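Chemist:
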Amino acid sequence: MIKSPRGTSDVLPPESAKWIYLEGIVREVARRYNFDEIRLPTFEHSELFSRTVGETTDIVEKEMYTFKDKTGRDLTLRPEGTAGVARAFVEHGMASGPLPRKFYYLGSMFRYERPQAGRYREHRQFGVEIFGSPSPHSDVEVITLAMDIAEELGLTGTELYINSIGCPKCRGPYKEALIAYLTPHIDELCEDCRSRLTRNPLRALDCKSERCKALVAGAPSSLDYLCGECKEHWDRFREILTAVGIPYTVDKSLVRGLDYYTRTVFELKWPPLGPAGSTLCGGGRYDGLVEQLGGPPVAGVGFGMGLERMLLANEKGEKPIQAGGEIDVFIVCPKGGEGEDKGFEREARLQELARAFRRKGLRCDFDPLQRSMKAQMKQADRMNARFVVILGEDEFRSRSASVRSMRHGWQKTVPIEEVLATIEEAGQNG
Ligand code: ATP
Ligand code: MG
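Take 1286 as the starting number for the sequence shown in the working numbering and just add one per residue.
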């Protein structure tokens, strides 16, 4: 038997209905905030990620699905969304159009990670990006957008963690301070952090190894090294959060696992999900990213939100999405006997009737295998049909059909032309 690859999953009905609902919510909240959808390739040139996410990050060093195509191009299944959006922004010259531009995306991301609850090798993300606004109002805007989605999904008690990691100007002295702090403890660092200590010491702050975590707890904070402009941005950002009544916690070791971030970084957590997967979404500023990809200097801010985690959280929260449910009409039409010319005429009316219901927007089904009356009534029950229409031999002889309300138990026989009207009249309550 061939199984789906490790770390991937099939979304089957009725679970898929939850996904449709969830995607509807994120699209709707994005619409309210005036973001438009951008749809991008699932694979990109590997260089896009190594240059922007960073050579020395976990994502690029360990987690990417990289392959050569038949002509030797070096390609990678996207591990995250922002790099691709920035690539498209530059490629289509959007910097010379009206700014700011606001995009959202929805799609699969691929990371070679150890699969566990809330962590997969293919997972789905919703993300938003604002290009062309260095204003801290935009940082707050993307954060409130994420919080509104969480709220729509019944997640109360989300926690916002924020930090500022400054710009390349303040990063230099900070990196030096961090290296100076970590070097005497080099033997206590994990192998990864040891090898990237001089190239990318910030990575140690994001390391998941317990020993590194303990060590960096006492490390210098980037907040103490912010340049004047970054400090001003950081202060204003927090003032706006406070003004709009959003509580936050400053987490000095929050750096995020991607190198393109500047200034603001944040995570929105929902503690009931447990330590390994409590981060619903992570994001921040990437003011140098567009320029790094060959565009003009254009500021940016956004986040990526893990949708599997949003669903897991929703199931544990106060407003779990109801999946599956019911159909509006099931038409029971058992096979005709010899005497009825095999019931061909009746069957033709069956198709006609089903289509009439469907064109009116009703969810309707019938048994194409034309099993017995009893078997079809069972099917109608299993599908949780609100109405059953019985197109039986006897009724059909007098050009009528029976309509039964499964909720209220009434049944009436009406001329075939009136079946649709009877159900519409009974309406949602029938
Ligand atoms: P983590 O620290 O949990 O590994 P990350 O920093 O790698 O997260 P991002 O790259 O910021 O995460 O991705 C944004 C969001 O996507 C995360 O907050 C999480 O909700 C989700 N996510 C990331 N990796 C996975 C995965 N392997 N499986 C499921 N969801 C994921
Ligand atoms: Mg990760």
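Each residue gets a CB set at the ideal place from its N, CA and C atoms; glycine is no exception. Since the model is a prediction, treat every value here as computed from it, not as a measurement.
Can you tell me whether DSSP reads Y1231 as helix, strand or coil?
Modeler: The chain is shown from 1286 up to 1715; residue 1231 falls before or after that span and cannot be answered.
Chemist: Does DSSP put F1374 in a helix, in a strand, or in coil?
Modeler: It is helical.
Chemist: Confirm the yes/no value for this check: CB of G1542, any heavy atom of the ligand MG, distance under 7 Å.
Modeler: Yes, the Cβ of G1542 comes within 7 Å of a heavy atom of the ligand MG.
Chemist: Between G1412 and G1366, what straight-line distance do the alpha-carbon atoms span, to the nearest angstrom?
Modeler: About 7 Å.
Chemist: Pull up the distance between the alpha-carbon of K1645 and that of M1668, whole angstroms please.
Modeler: Looking at the two C-alpha atoms, the distance is approximately 19 Å.
Chemist: Buried or exposed: which applies to T1335, given that a residue is buried once 16 or more other Cβ atoms fall within 10 Å of its Cβ?
Modeler: The question names Thr, yet the displayed sequence has Ser at residue 1335. Burial call: buried.
Chemist: Roughly how many angstroms lie between the CA atoms of P1364 and G1712, to the nearest whole one?
Modeler: Near 48 Å, if we compare the C-alpha coordinates of G1712 and P1364.
Chemist: Just to confirm, does D1477 get its C-beta within under 7 Å of one of the non-hydrogen atoms of the ligand MG?
Modeler: No, since every heavy atom of the ligand MG falls outside the 7 Å radius drawn around the Cβ of D1477.
Chemist: Tell me D1424's beta-bridge partners as DSSP assigns them.
Modeler: Partner(s): none; D1424 has no beta bridge.
Chemist: Sort out for me which residues DSSP pairs P1700 with in a bridge.
Modeler: In the DSSP output, where bridge partners are listed per residue, P1700 has S1685.
Chemist: In the DSSP output, which residue or residues are listed as bridge partners for I1471?
Modeler: BP columns for I1471 are empty, so no partner.
Chemist: Can you tell me whether N1599 is buried or exposed? The criterion is at least 16 other CB atoms within 10 Å of its CB, across all chains shown.
Modeler: It is buried - the Cβ of N1599 has at least 16 other Cβ atoms within 10 Å.
Chemist: Check D1433 in the structure and name its three-state DSSP category.
Modeler: DSSP places D1433 in helix when its eight states are reduced to three.
Chemist: For G1602, count neighbouring Cβ atoms within 10 angstroms of its own Cβ and tell me buried if that reaches 16, exposed if not.
Modeler: Looking at its Cβ environment, which holds 16 or more other Cβ atoms inside 10 Å, G1602 is buried.
Chemist: Take the Cβ of V1586 as the centre, count every other Cβ of all protein chains shown within 10 Å, and call the residue buried at 16 or more, exposed below.
Modeler: Buried: at least 16 other Cβ atoms inside 10 Å.
Chemist: Counting along the chain, where does the alpha helix (DSSP H) carrying Q1664 start and finish?
Modeler: Looking at the DSSP string, the run of the alpha helix (DSSP H) that includes Q1664 is 1658-1667.
Chemist: Quick one: residues in its chain with C-beta nearer than 6 Å to the C-beta of S1538, no 5 flanking neighbours on either side, listed in chain order?
Modeler: Closer than 6 Å at the Cβ level, and outside the excluded window around S1538, lie L1490, V1501.
Chemist: When we look at the beta-carbon of M1595 and count the other beta-carbons within 10 Å, is it buried (16 or more) or exposed?
Modeler: M1595 should be labelled buried.
Chemist: Taking the alpha-carbon positions, what's the R1488 to R1541 distance?
Modeler: For R1488 and R1541, the distance between alpha carbons rounds to 9 Å.
Chemist: If you reduce the DSSP assignment to three classes, tell me which class M1286 lands in.
Modeler: Coil, per DSSP.
Chemist: With respect to the beta strand (DSSP E) encompassing F1320, which residues constitute its N-terminal and C-terminal limits?
Modeler: First-last for F1320: undefined, no H or E at that position.
Chemist: Provide the residue span of the alpha helix (DSSP H) that contains E1332, from first to last.
Modeler: Element bounds for E1332: 1331-1337.
Chemist: Run the proximity test for R1396: is its beta-carbon closer than 7 Å to any non-hydrogen atom belonging to the ligand FMN?
Modeler: For the ligand FMN, the structure offers nothing, since it holds only the ligand ATP and the ligand MG.
Chemist: In chain order, what are the residue ranges of uninterrupted beta strand (DSSP E) at least 3 long that sit wholly in the stretch 1501-1581?
Modeler: Those beta strand (DSSP E) runs which fall completely within the stretch 1501-1581 and span 3+ residues are 1547-1554, 1564-1570.
Chemist: Can you tell me whether V1535 is buried or exposed, with buried defined as 16 or more other CB within 10 angstroms of its CB?
Modeler: Exposed, by the Cβ-count rule.
Chemist: Tell me which residues share the same chain as C1452 and place their Cβ nearer than 8 Å to its Cβ, disregarding the 5 neighbours each side in the sequence.
Modeler: Counting only Cβ-Cβ distances below 8 Å, and skipping sequence neighbours, we find C1512, E1514, C1515, T1547, R1548, D1572, G1573.
Chemist: Would you give the residue range spanned by the alpha helix (DSSP H) that M1595 belongs to?
Modeler: Element bounds for M1595: 1592-1601.
Chemist: G1624 to Q1636, Cα distance in whole Å?
Modeler: Each residue's Cα considered, the two are about 21 Å apart.
Chemist: Tell me whether R1358 is buried or exposed, calling it buried when 16 or more other Cβ atoms sit within 10 Å of its Cβ.
Modeler: Counting Cβ neighbours within 10 Å, R1358 comes out exposed, since fewer than 16 surround it.
Chemist: Residues in its own chain within less than 6 Å of R1396 by CB, not counting five upstream and five downstream?
Modeler: Excluding positions up to five away in sequence, the list reads E1348, P1364.
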